[in-house]
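Those sequence lines, one after another, are chains A and B.
The opening position of the first sequence corresponds to residue 1 in the working numbering, with each subsequent residue numbered one higher.
The opening position of the second sequence corresponds to residue 1001 in the working numbering, with each subsequent residue numbered one higher.
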Amino acid sequence: IFGGSRTKIQSFPWQVYFPPPSRAGGALIDEYWVLTAAHVVENNPYPVMYAGTTSVVTSHLANAQLLTAEQVFIHPGWDMDSKDSRKNFDNDIALVRLKEPVKMGPMVSPICLPSNSVEFEPLEGELGLISGWGRTEKRQSVNQLMGAKLPIVPLKKCQEVEGDGVNIKTYVFTDNMICAGEKGTDSCGGDSGGAFAVQHPHEENPKFYVAGLVSWGAKCGTYGIYTRVKNYVDWIVQTMQENSTPSED
Amino acid sequence: EPTLHGEILSPNYPQAYPNEVEQSWDLEVPEGYGIRLYFTHLDIELSEDCAYDSVRIISGDFEEGKLCGQRTSKNPNSPIVEEFQVPSNKLRVTFTSDFSNEERFTGFAAYYVAVDIDECTDFVDVPCSHFCNNFLGGYFCSCPPEYFLHDDMKTCGVNCSGEVFTELIGEITSPNYPSPYPENSRCEYQILLEKGFQVVVTMRREDFDVEPADSEGNCPDSLVFVAGDRKFGPYCGNGFPGPLKIETKSNTLDVIFQTDHAGEQKGWKLRYYGDPIPCPKETGAHSVWEPDKAKYVFKDVVKITCMEGFEVVQGNVGSTSFYSTCQNNGQWSNSKLKCQPVDCSLPESIPHGSFEEPANTLFGSVIRYTCEEPYYSMQTEGGGDYRCTGNGSWVNELLGTELPLCVPVCGVPSEPFVGTQR
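What follows is the structure, given as structure tokens:
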């Protein structure tokens, strides 16, 4: 996280930690389901995850809830073939079904999914929260969870970012992407799959839904691309329903 | 030994009898015979009332004759001067003389023979109730058709006993009714109904005509009802003197009609029916009886249906109704079965939720599920209250019997993020 600050898992109880080799993030959306970016799990069909921990120091992970994947569901639109020189992050979304349900509490609770109504259409200028243990301005990765608040900006902002040795024009931009950030505030490597959380409209008490997932960016510290989750609600719900156990029904 | 004949001669006969003698002869012929005693010679001093000398003929305590004087036969063809015939087989003859027989009276010569007695006619009291048949040395009685001779061998009666009435309704009459009933009879009938019915006898006044009671109130002919330890009657007279309806409280009744040797009354006719004994109408709470009747009697069957929320438990099986039969002892079968409140028992527990231990788990009671807030909430709002229903299930207005689902509360951090925005 660039431009963020240390935070506690209680402020992002949906934050899931994917330890190496993935070293990424995810968002708990249900007792059995973790939402993340497709590129996080495309090479790791049975990831191990942790929930409910601020610190990802190995000794501290023992106090976290260990989440074991039962099955990974990568969005069918995700281009699996271009992973070595990927310039297409369209449909960068995946679901992980857990073997055991997660026990909820102050440090572990899910984030809401957006609905199909227009209220949940991310608007430019709307602020969102991101969190993760990824790269910061100073370190390749951090042990303590970091968080940041950043606005949604026009996609054009992301298309204009000039990265070091990156020709942004060769990358694919679609309507499935949200551009967010501002100068100095951004997600970065290691934060992938984490939620871009936006406060529910018309809710008296703060309540967040996952508007985006940390996907990619040309350069850290500027604007970044987030998968537009609203476009995948039907796929998410259908996948969860089709792969739930009878007891969950 | 009894003989069929014999001779009696006064002392010294045919010489003059001695003074001051008294001699007796006890004559006896076989039973069934009488004695014919006749004198062929009689020559005894005459005196008033035969006070001096005499021959006396005594049958039992009765003096048949006392003879004295001189007699001659009035029948030239017969030597008999005096004759006695007694219907008894024993006779005593006593000869008595006083202190003087100066004229040398010679006394008497007498003979006796056994003669047949006609028992059927020779006595004031007729020996047979119906037909009398005399024979040598005895007699026998006989009866009209349909009568039989009683053990006393003298009286005839009709064979009217032994009939058993088992039908639930019936009529019984005295023999020959309304013609005069037979004499010397004892008719015993029995009404034997299935247990569970009591015999009720009805009698119309005009259907009863039995020889009336004597001056002391005793019935010569009588009708009596006996039901176990209870006795009704004896009844007699013209017109039934008892209650027109007799409830015997028993399923068996002996009807005894006794007649004596006389009477020309027409008898009686009764009707009876089996009155089923009642079973109490129990106002059992929480149940409905079908059919609903003011009174239930033996063999009635009712279907007892428990009201909603109540059930009857037999063994481990609960049901909403059962059948009960009014039994012959006036008690209902299955009387131990009662409609009791349905017990839903403790509800199932749910993941991430709980319910408060209810005061009871009977029909109508309510439990409330709650989720482990604030991290779980009920998926269906208002779906926490469950009421114990009549079928033994906990039911929610929205979810029915489905258990509530506690789902994680989403999107609510326990601590807000306070970013240090640069």
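All residues carry an ideal CB built from backbone N, CA and C; glycine is no exception.
Just so we're clear, the structure is a prediction, and the values are computed from it rather than from any experiment.
Using beta-carbon positions only, say whether residue i and residue j come within less than 8 angstroms of one another.
i                 : j                 : result
Pro1408 (chain B) : Ser11 (chain A)   : no
Ser1321 (chain B) : Lys1303 (chain B) : yes
Glu1311 (chain B) : Cys1339 (chain B) : yes
Tyr1017 (chain B) : Ser1073 (chain B) : no
His1130 (chain B) : Pro1144 (chain B) : yes
Gly147 (chain A)  : Ser187 (chain A)  : no
Val1210 (chain B) : Gly1228 (chain B) : no
Thr1248 (chain B) : Val1317 (chain B) : no
Ala24 (chain A)   : Gly193 (chain A)  : yes
Thr222 (chain A)  : Ile1 (chain A)    : no
Val96 (chain A)   : Val56 (chain A)   : no
Thr145 (chain A)  : Ile29 (chain A)   : What sits at residue 145 (chain A) in the sequence shown is Leu, not Thr. No; because the gap between Cβ atoms is not below 8 angstroms, this pair is not in contact.
Tyr1013 (chain B) : Thr1155 (chain B) : no
Glu1282 (chain B) : Thr1305 (chain B) : no
Pro993 (chain B)  : Lys1266 (chain B) : Beyond the ends of chain B as shown, which are 1001 and 1422, falls residue 993 (chain B); an answer cannot be given.
Tyr1033 (chain B) : Ala1114 (chain B) : yes
Report the three-state DSSP secondary structure of residue i (helix, strand or coil).
i                 : result
Ser1024 (chain B) : strand
Glu203 (chain A)  : coil
Trp33 (chain A)   : strand
Glu1133 (chain B) : The residue asked about is misnamed: residue 1133 (chain B) is Asn in this sequence, not Glu. Asn1133 (chain B) falls in the strand class under three-state DSSP.
Met177 (chain A)  : strand
Met240 (chain A)  : helix
Phe2 (chain A)    : strand
Asn231 (chain A)  : helix
Gln1421 (chain B) : With a pLDDT of 49 at Gln1421 (chain B), under the threshold of 50, the modelled position of that residue is not reliable, and the figure given next carries that caveat. Gln1421 (chain B): coil per DSSP, three-state reduction.
His1286 (chain B) : coil
Phe1240 (chain B) : coil
Ala1213 (chain B) : coil
His1005 (chain B) : strand
Ala1262 (chain B) : coil
Asp1207 (chain B) : helix
Could you check the C-alpha separation between residue i and residue j for me, to the nearest Å?
i                 : j                 : result
Met80 (chain A)   : Leu1405 (chain B) : 38 angstroms
Thr1003 (chain B) : Thr1040 (chain B) : 20 angstroms
Gly181 (chain A)  : Gly125 (chain A)  : 10 angstroms
Val210 (chain A)  : Ala195 (chain A)  : 6 angstroms
Pro1175 (chain B) : Pro1182 (chain B) : 7 angstroms
Asp164 (chain A)  : Gly217 (chain A)  : 11 angstroms
Ile1256 (chain B) : Pro1243 (chain B) : 17 angstroms
Pro122 (chain A)  : Ile225 (chain A)  : 13 angstroms
Cys1050 (chain B) : Glu1028 (chain B) : 26 angstroms
Phe1135 (chain B) : Thr1259 (chain B) : 30 angstroms
Glu1357 (chain B) : Lys207 (chain A)  : 33 angstroms
Lys1090 (chain B) : Glu1064 (chain B) : 12 angstroms
Cys158 (chain A)  : Ser1349 (chain B) : 52 angstroms
Ser82 (chain A)   : Asn88 (chain A)   : 8 angstroms
Phe1240 (chain B) : Arg1092 (chain B) : 56 angstroms
Trp14 (chain A)   : Pro151 (chain A)  : 20 angstroms
Phe1125 (chain B) : Val1081 (chain B) : The question names Phe, but residue 1125 (chain B) is Asp in the sequence shown. If you take the alpha carbons of Asp1125 (chain B) and Val1081 (chain B), they lie about 32 angstroms apart.
Arg1337 (chain B) : Phe1363 (chain B) : Before going further, note that residue 1337 (chain B) is Leu rather than Arg in the sequence given. Rounded to the nearest angstrom, the two C-alpha atoms are 18 angstroms apart.
Ile236 (chain A)  : Val1395 (chain B) : 32 angstroms
Cys112 (chain A)  : Leu98 (chain A)   : 18 angstroms
Strictly by DSSP, which residues pair up with residue i?
i                 : result
Thr1173 (chain B) : B:Lys1269
Tyr78 (chain A)   : The amino acid occupying residue 78 (chain A) in the given sequence is Trp; Tyr does not appear at that position. In the DSSP output, where bridge partners are listed per residue, Trp78 (chain A) has none listed.
His1041 (chain B) : B:Ala1109
Tyr1369 (chain B) : B:Phe1355
Glu1082 (chain B) : B:Phe1039
Leu1067 (chain B) : B:Val1055
Met49 (chain A)   : A:Leu67
Pro1341 (chain B) : B:Phe1310
Is residue i buried or exposed, if buried means 16 or more other CB atoms sit within 10 Å of its CB?
i                 : result
Pro1374 (chain B) : exposed
Ile1169 (chain B) : exposed
Thr1166 (chain B) : exposed
Pro76 (chain A)   : exposed
His1352 (chain B) : buried
Glu1045 (chain B) : buried
Met104 (chain A)  : buried
Ala1359 (chain B) : exposed
Arg1422 (chain B) : Interpretation of Arg1422 (chain B) is limited by its pLDDT of 42, a score under 50 that renders its predicted location unreliable; the figure taken from the coordinates is listed afterwards. Its Cβ having fewer than 16 others within 10 Å, Arg1422 (chain B) is exposed.
Ser109 (chain A)  : buried
Val34 (chain A)   : buried
Tyr1189 (chain B) : buried
Phe1099 (chain B) : exposed
Val16 (chain A)   : buried
Taking 7 angstroms as the line, does the beta carbon of residue i fall inside it for any heavy atom of the ligand FMN?
i                 : result
Phe1197 (chain B) : Among the components modelled here there is no ligand, and therefore nothing to report on the ligand FMN.
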